[in-house]
Structure formats: C-alpha cells, structure tokens
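Under my numbering, the first residue of the sequence shown is numbered 173, with each subsequent residue one higher. All C-beta atoms, glycine included, are put in the ideal place defined by N, C-alpha and C. Quick notes on the structure that follows.
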Amino acid sequence: MDLQTQLVHNKWRIDAQTGAVSVPIHHASTFHQFDFDTFGKYDYSRSGNPTREALEETIAELEGGVSGFAFASGMAAISTAFLLLSKGDHVLITDDVYGGTYRIITDVLSRFGIEHTFVDMTDLDAVARHIRPNTKVIYMETPSNPLLKITDIRGVVKLAKAHGCLTFLDNTFATPLLQRPLDLGVDVVLHSATKFLAGHSDVVAGLAVVKDARLARELRKLQYSFGAVLGVQDAWLVLRGLKTLHVRLDYASRSALQLAQFLHHHPKVAHVYYPGLSFHEGHDIHRDQARGFGAVLSFELEDEQAVRTFVKHAHIPVFAVSLGAVESILSYPAKMSHAAMPKAERHRRGITDGLLRLSVGLEATDDLLADVEQALSYV
173 MDLQTQLVHN KWRIDAQTGA VSVPIHHAST FHQFDFDTFG KYDYSRSGNP TREALEETIA
233 ELEGGVSGFA FASGMAAIST AFLLLSKGDH VLITDDVYGG TYRIITDVLS RFGIEHTFVD
293 MTDLDAVARH IRPNTKVIYM ETPSNPLLKI TDIRGVVKLA KAHGCLTFLD NTFATPLLQR
353 PLDLGVDVVL HSATKFLAGH SDVVAGLAVV KDARLARELR KLQYSFGAVL GVQDAWLVLR
413 GLKTLHVRLD YASRSALQLA QFLHHHPKVA HVYYPGLSFH EGHDIHRDQA RGFGAVLSFE
473 LEDEQAVRTF VKHAHIPVFA VSLGAVESIL SYPAKMSHAA MPKAERHRRG ITDGLLRLSV
533 GLEATDDLLA DVEQALSYV
C-alpha cells in the first residue's frame, strides 16, 4: 500500500481483543507475570509497553525499518543514538545542524572524549576530506535547520560505507512521507515527532528507526538502560497525529511553495531558503531523493530590527519555538532554535540576525499571504 494508506491502515488500526479503532492506552508501569520461570512479553514499562510498541512498530513500517524506538523528546532520541559511540570516537556532522544537536555535540559528548568536526555536508569532497580513522558516525540533517540545505544522502552513505562509519539522519523536516533515508542506505533515522508527525503542538516526542537487526538490539539496550522513553499518553497522541499527516503535509507544502515564491519576489526580502524553488542549492538532489519539498521555509530580512518589526505586525503565525503544527509558526533561529550556538558560529554558517524560519500551517493560503504581505509593509 502507498504510505498515505499505511498512515491509517496498519497493523494497529484495529485492536485485536476489542475491535476498537483506536490503540488502547495502557497506563501500566508494571505487568503481572503468570509463570515464575518464564516472564511474559511485558514486565516494566521502561523496557516495553503495548501502547508505545504500537507507535514504534508503526514508525518502523513507515520508514521501512526493522525496529522503531520512541523517546521522551527528539533530543532524547538523538542523545540515545549517540550513546552508540565510545571515548575516542569521532563524529562528522553537518555545519548548520539544529541548535540542540549542536549543544549535545559540543557541550556534552566532548566531556566524554568523543570528538567532532562540523562540515558543509553539501560538499561531498569536504565530507571525504574530514573523515578520520576514528570517525564512527556521519550525521546528516536534510533539509537542514534552518537554512534548508540539501545533502546528497546516497553520496554520503557511499563514503561512510567505504570508511566503516554509521550514518545518522534527522528526518524531521521531510518525514517518511516525503523521504525514506533507510531506503538510501542510512543506518539510523531520527525524528522530533513533536513536529509534523504529531502535528498539533500538544506533545513532545522523539523517534528512531533502524534497518539492521544487530543495530536494533544495541539501540534497544540503550533505550532500556538510559530510560528516556515516551509516555503512553504521548505515544497515543503521536499515533493519532500520524493518521492525518498526509493531508496536513500536502496542504501545508503547497502553501509553503506559494509563500516562498511570493517572498522571493518581495523587495524587502534578501533571500529565501526553500528546496521547492528551482534555484535553491540542492533542488535537483532533493527532488531525486525525496517525494516533496515540505512545509518549512526560511527568509532573510535586512537585520534584527527588521525582524522585530515584521514579527510585531504578523498576526496569523504564532511566534514560537517548534514547527510542523496545524498553526503556522514563525521562529527566530538566533534567539530560539540556535540560541545555544555562539553568534560568531551562527553567522559563519549563514544564520544571520535577519533570518526568520516559517513553518506553514493549515490556514487559508490567501490569508497567510495577505498577512505576510502587510507585515512586510511595515519593515
């Protein structure tokens, strides 16, 4: 079946015991064992819970993996995946990565003797030059946050396999509906399920999916040991959100393209970053490895004062952290998603004080366009 259908009709669409068309929420921390010598499938909810398992199996199916893992946040998923590393290992990571990932790499993993190098991952030659003998993970984010940079997934995977490295990929912006990294050879796919997958700004969750059974066992052990698992109520909310992912993302993506085209021609906008624009660097690569361009775009105004003026007069988008929700969300990376990154590092990566990120929601496209246009008139 097409992924659009799988979002609704999967193994968990009907409860086998009751016929319920909604996954039961098992608010149980522990489970009675009926046999002294042989325990059942579930014993303690940190190691496994039927509701969380429904989400984990669903995301594994959607991503084409063998196992999925649900965590308390996107950063919990990323952090747990990084626990596959050991002291002395090296991570090669895309340079304009999400600020939270930047923080875990620079402030936390470095304390445990894990080295890192940031690189422009749109440049395969640069990636190849920076791989070291101790490089164990190449970390991709494509489209990246917030500049929507596009990485050639197949190209990086080829380099990684030649050097015995694992590949991690944050697929939050694209979702499995638009991009399936495991099919392109990636080892670990990561999501902030808070965003498009749940889609309603009412849950914080993270997901990971792998295709290799041995890697799945290692990650399962880390999930159990580290314990940053997703609660059952939140797992149910993500499952509910997944059912409408296709219609939400399809509509929002079409609106995002119209907004990007409008902003590109506006005299007060210095630059627009959106992979759906034909001149966007990596447009052809993304079109080759993905099924659509997504609902997130960024645009650059003259400076911080211009941003302040625009935000003050934009009435429809909420001004907030996060993205991927039913409401449009306007974010200021310099003070929000990338606040953990020093100003000099942000600017070196092109994340200027005039940059705004817009996650397009489900409002009428004409209303959103009109609101953006009138806000720009004050800039």
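Suppose contacts are defined by Cβ-Cβ distances below 8 Å. Is residue i in contact with residue j by that definition?
{"i": "Ala511", "j": "Gly285", "result": "no"}
{"i": "Leu429", "j": "Val468", "result": "no"}
{"i": "Ala462", "j": "Leu350", "result": "yes"}
{"i": "Ser316", "j": "Asp374", "result": "no"}
{"i": "Phe340", "j": "Val360", "result": "yes"}
{"i": "Val444", "j": "Phe465", "result": "no"}
{"i": "Pro505", "j": "Pro318", "result": "yes"}
{"i": "His372", "j": "Asn343", "result": "no"}
{"i": "Val291", "j": "Ile325", "result": "no"}
{"i": "Val410", "j": "Leu227", "result": "yes"}
{"i": "Val544", "j": "Leu431", "result": "yes"}
{"i": "Asn306", "j": "Asp261", "result": "yes"}
{"i": "Asp187", "j": "Phe203", "result": "no"}
{"i": "Ser427", "j": "Leu540", "result": "yes"}
{"i": "Thr223", "j": "Val376", "result": "no"}
Thinking just about the alpha-carbon of each residue, which of the options is nearest to the one in residue i?
{"i": "Ala533", "options": "Ala188, Glu545, Ser450, Phe368", "result": "Sequence check: residue 533 is Gly here, not Ala. Considering only alpha carbons, the answer is Phe368."}
{"i": "Ala244", "options": "Trp408, Ala432, Leu417", "result": "Trp408"}
{"i": "Glu225", "options": "Phe203, Met508, His198, Ile250", "result": "His198"}
{"i": "Gly336", "options": "Ile303, Gly522, Thr323", "result": "Ile303"}
{"i": "Leu338", "options": "Met312, His519, Thr323", "result": "Met312"}
{"i": "Val180", "options": "His204, Ser217, Lys415", "result": "Lys415"}
{"i": "Met247", "options": "Gly454, Pro447, Leu402, Pro514", "result": "Leu402"}
{"i": "Arg218", "options": "His452, His519, Ala242", "result": "Ala242"}
{"i": "Val263", "options": "Val382, Asp297, Lys308, Leu296", "result": "Lys308"}
{"i": "Val382", "options": "Pro348, Ala370, Arg480, Val404", "result": "Pro348"}
{"i": "Asp406", "options": "Lys393, Leu387, Ala365", "result": "Ala365"}
{"i": "Tyr446", "options": "Lys507, Asp456, Pro222", "result": "Asp456"}
{"i": "Ala253", "options": "Tyr396, Glu453, Thr314", "result": "Tyr396"}
{"i": "Leu391", "options": "Val441, Ala249, Lys330, Ala370", "result": "Ala249"}
{"i": "Lys393", "options": "Lys183, Gly220, Thr210, Thr177", "result": "Gly220"}
{"i": "Glu517", "options": "Gln176, Val238, Tyr274", "result": "Tyr274"}
{"i": "Gly240", "options": "Tyr423, Ile523, Asp384, Phe491", "result": "Asp384"}
{"i": "His438", "options": "Ala542, Ala370, Met513, Ile523", "result": "Ala542"}
{"i": "Asp295", "options": "Arg459, Thr266, Arg185, Ser531", "result": "Thr266"}
Any idea which residues DSSP pairs residue i with across the strands?
{"i": "Ala242", "result": "Leu379"}
{"i": "His262", "result": "Glu287, Thr307"}
{"i": "Met312", "result": "Leu341"}
{"i": "Thr202", "result": "Tyr216"}
{"i": "Leu527", "result": "Glu472"}
Residue i by DSSP, collapsed to three states: which one?
{"i": "Thr344", "result": "coil"}
{"i": "Arg412", "result": "helix"}
{"i": "Tyr270", "result": "coil"}
{"i": "Tyr504", "result": "coil"}
{"i": "Met513", "result": "coil"}
{"i": "Val532", "result": "coil"}
{"i": "Thr177", "result": "helix"}
{"i": "Tyr446", "result": "coil"}
{"i": "Leu541", "result": "helix"}
{"i": "Leu431", "result": "helix"}
{"i": "Glu499", "result": "coil"}
{"i": "Ile197", "result": "coil"}
{"i": "Phe451", "result": "coil"}
{"i": "Leu296", "result": "helix"}
{"i": "Gln405", "result": "helix"}
{"i": "Gln546", "result": "helix"}
{"i": "Ile250", "result": "helix"}
{"i": "Val280", "result": "helix"}
{"i": "Arg520", "result": "helix"}
Mind checking whether the beta-carbon of residue i lies closer than 7 Å to any heavy atom of the ligand MN?
{"i": "Ser397", "result": "In the structure shown, the ligand MN is absent, as is every other ligand, since no ligand is present at all."}
Scan the stretch 453-493 and note each continuous beta strand (DSSP E) run of 3 residues or more that stays entirely inside, going in chain order.
As far as the stretch 453-493 is concerned, its whole beta strand (DSSP E) runs of at least 3 residues are 468-472.
Within the stretch 349-403, ranges of the beta strand (DSSP E) (whole runs, at least 3 residues)
Within the stretch 349-403, the complete beta strand (DSSP E) runs of at least 3 residues are 360-364, 378-382.
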